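> Structure in structure tokens, see below.
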Amino acid sequence: MSTNKETINLESTKGGSGVEISTQSVQDSFLNHIRREHVTVTLYLMNGIKLIGRIKSFDKFCVLLDAGQQDMLIFKHAISTVSVPRSSIEARKSEAIAASREKAKANQAKKE
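Okay, structure coming up:
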């Protein structure tokens, strides 16, 4: 699987060495975030089919969707829309904040 990063070479106008800048596309950032957070997504295909599941992996050409009882390999060119409920992302953020606060309180109690 690729690293999902592109490298851009910029040549110096004064004949010096080139500069490499590593960029990550919005698509890759979005897919990687929902993969890491195990967010349930809805994929709408170009033919109108609606698929619901969690993204297990992805690369330049396809997405591996965990759709409950089966894994589905979907080619990106067949995907029309990826929909993520805002409530699930906000709920995970608030859970993470609450967990970090609890951890900080526990660490503070240990120090005292």
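Take this note's numbering: the final residue in the sequence shown is number 125, and no numbers are missing along the way.
The beta carbon of each residue, even a glycine, is placed where N, CA and C say it ideally should be.
None of these values were measured; they are calculated from a predicted model.
Considering only residues of the region 36 to 72, which uninterrupted beta strand (DSSP E) runs meet the minimum length of 3 residues and lie entirely inside it, listed in chain order?
Those beta strand (DSSP E) runs which fall completely within the region 36 to 72 and span 3+ residues are 53 to 58 and 63 to 71.
> Suppose the cutoff is 7 Å on Cβ atoms and the five residues either side in sequence are ignored; what does the same chain contact list for residue 110 look like?
So the list is empty, once near-sequence residues are dropped.
> Do residue 65 and residue 75 have their beta-carbon atoms positioned less than 8 Å apart in this structure?
No, these two residues do not count as a Cβ contact at 8 Å.
> Report all residues from its chain with a CB closer than 8 Å to the CB of residue 60; omit the five preceding and five following residues, and keep chain order.
These residues qualify, in order along the chain: 91.
> Thinking just about the alpha-carbon of each residue, which of 113, 95 and 67 is nearest to the one in residue 13?
Outside the displayed span of the chain (14 to 125) sits residue 13, for which this structure offers no information.
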